[in-house]
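Letter by letter, the sequence shown follows residues 1 to 286 in full-length UniProt numbering.
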Amino acid sequence: MALSRRGRGGRATAGAFWSQVHPVFMLPPLAASLFGAILARDVVLLVATIHVLAMFAAVYTAHVKDGYVDFYVRGEDDGHPLTERGCRVALVASTAVFAGCCLVLYVLVDAVAVALTVPTWLVAYHHAPQLDTNPVTATTGYPLGIALSLLGGFYVQAGTLTAVAVGFALVFLVLLSGIKVIDDAQDYDYDRSIEKRTVAVAVGPGRAYDVAYGLMATALLVVVAFAVARVFPPSVVLAVLAFAAVAVIARRADPTIATMLLIRGSYVFLAVLVASVWFEPLARVW
Numbered sequence: 001m002a003l004s005r006r007g008r009g010g011r012a013t014a015g016a017f018w019s020q021v022h023p024v025f026m027l028p029p030l031a032a033s034l035f036g037a038i039l040a041r042d043v044v045l046l047v048a049t050i051h052v053l054a055m056f057a058a059v060y061t062a063h064v065k066d067g068y069v070d071f072y073v074r075g076e077d078d079g080h081p082l083t084e085r086g087c088r089v090a091l092v093a094s095t096a097v098f099a100g101c102c103l104v105l106y107v108l109v110d111a112v113a114v115a116l117t118v119p120t121w122l123v124a125y126h127h128a129p130q131l132d133t134n135p136v137t138a139t140t141g142y143p144l145g146i147a148l149s150l151l152g153g154f155y156v157q158a159g160t161l162t163a164v165a166v167g168f169a170l171v172f173l174v175l176l177s178g179i180k181v182i183d184d185a186q187d188y189d190y191d192r193s194i195e196k197r198t199v200a201v202a203v204g205p206g207r208a209y210d211v212a213y214g215l216m217a218t219a220l221l222v223v224v225a226f227a228v229a230r231v232f233p234p235s236v237v238l239a240v241l242a243f244a245a246v247a248v249i250a251r252r253a254d255p256t257i258a259t260m261l262l263i264r265g266s267y268v269f270l271a272v273l274v275a276s277v278w279f280e281p282l283a284r285v286w
């Protein structure tokens, strides 16, 4: 049986499988894993690579399962590049890669590393149709995966969890949950028509914006508070200023443009955090 709905042969099949790689949504979990490794300072490249590969497999699983449910189960999408059998093959393959990575992490690190890694696949696989129909889980699923990716990336290097790692994971969970609320608001009319209860559907678009920016403001204030308490290096305030500038502009845009700006702003936020943690440019003047 064919695996691709867009033609036969190896090239068409490979293209169908590759279509489930969405860089905009895949890069943050992979970057979070690497950021966790950087926080640990002494990076073992092999271990970091295995954890990043596990995160890739988890997010790929989410994309395939989400597309399968939206097209073949709910009938929401107009098409899908993979056949039903192709989706099942892709899910088996990505899950096998993920399981292999967990086995290697168990050998190279320990069982705790696996315990921090496995939930990312569970969140990914159950995003649709279980988690994406509730306002809380629909909003926090993706951010929770990124927070777990950061914690796992740190632990596989350090062999422990510290206040710094947990603090950064918390910040990303709250900040990205705010962005997710706005992202979901793009589909308010459609989600409401099918009774899909995102935050925007549950409280209305206007209040959803308030919730979203409240979450993002809370995350930034937590960063500043941790910096004042010297849990985070003082230079992380530069990341706060960078993201706040993007958020001010996005606040006046429609949900589509706001989402685009905020997602890219989160990339800038992460990049500045990495530089702040690695180089600590303000350490001597704080």
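A virtual CB, placed ideally from N, CA and C, is assigned to each residue, including glycine.
Please go through the same chain and pick out, in chain order, the residues whose beta-carbon is closer than 7 Å to the beta-carbon of residue i, but skip the five residues on each side of it.
i: residue 186; result: 255, 256 and 259
i: residue 201; result: 188, 191 and 192
i: residue 89; result: 3
Return helix, strand or coil for residue i, following the three-state DSSP convention.
i: residue 3; result: coil
i: residue 294; result: Summary: the structure shown does not reach residue 294, with the chain confined to residues 1 through 286, and so no result is reported for it.
i: residue 161; result: coil
i: residue 278; result: helix
i: residue 255; result: helix
i: residue 198; result: coil
i: residue 11; result: helix
i: residue 168; result: helix
Which residues in the same chain have their Cβ closer than 6 Å to the Cβ of residue i, if we skip the five residues on either side of it in sequence?
i: residue 70; result: 76 and 77
i: residue 131; result: 137 and 141
i: residue 317; result: Not covered by the structure: residue 317. The range shown for the chain is 1 to 286.
Between the alpha carbons of residue i and residue j, how many angstroms are there, rounded?
i: residue 284; j: residue 171; result: Note on residue 284: pLDDT 48, under 50, position unreliable in the model; no value is reported.
i: residue 87; j: residue 243; result: 37 Å
i: residue 199; j: residue 51; result: 32 Å
i: residue 178; j: residue 266; result: 11 Å
i: residue 249; j: residue 210; result: 15 Å
i: residue 230; j: residue 275; result: 17 Å
i: residue 235; j: residue 277; result: 8 Å
i: residue 245; j: residue 182; result: 17 Å
i: residue 60; j: residue 203; result: 31 Å
i: residue 215; j: residue 8; result: 47 Å
i: residue 224; j: residue 207; result: 26 Å
i: residue 120; j: residue 104; result: 16 Å
Short of 8 Å in beta carbon distance, which residues of its chain neighbour residue i, apart from the five on each side in sequence? Order them along the chain.
i: residue 72; result: 80, 84 and 87
i: residue 161; result: 151, 154 and 155
Can you pull the DSSP bridge partners for residue i?
i: residue 261; result: For residue 261, which the question treats as bridged, DSSP gives no partner whatsoever.
i: residue 82; result: 4
Query - Length at least 4, wholly inside the segment 204-228: the alpha helix (DSSP H) runs in chain order - result: List check, alpha helix (DSSP H) in window: 205-228.
Requested in this report: Counting only runs of 4+ residues fully inside the segment 18-57, write out the alpha helix (DSSP H) ranges in chain order.
Outcome: Listed in chain order, the complete alpha helix (DSSP H) runs (minimum 4 residues) inside the segment 18-57 are 23-39.
Query raised in the report: Which residue spans inside the segment 87-139 form an unbroken beta strand (DSSP E) run of at least 3?
Result: Within the segment 87-139, no complete beta strand (DSSP E) run reaches 3 residues.
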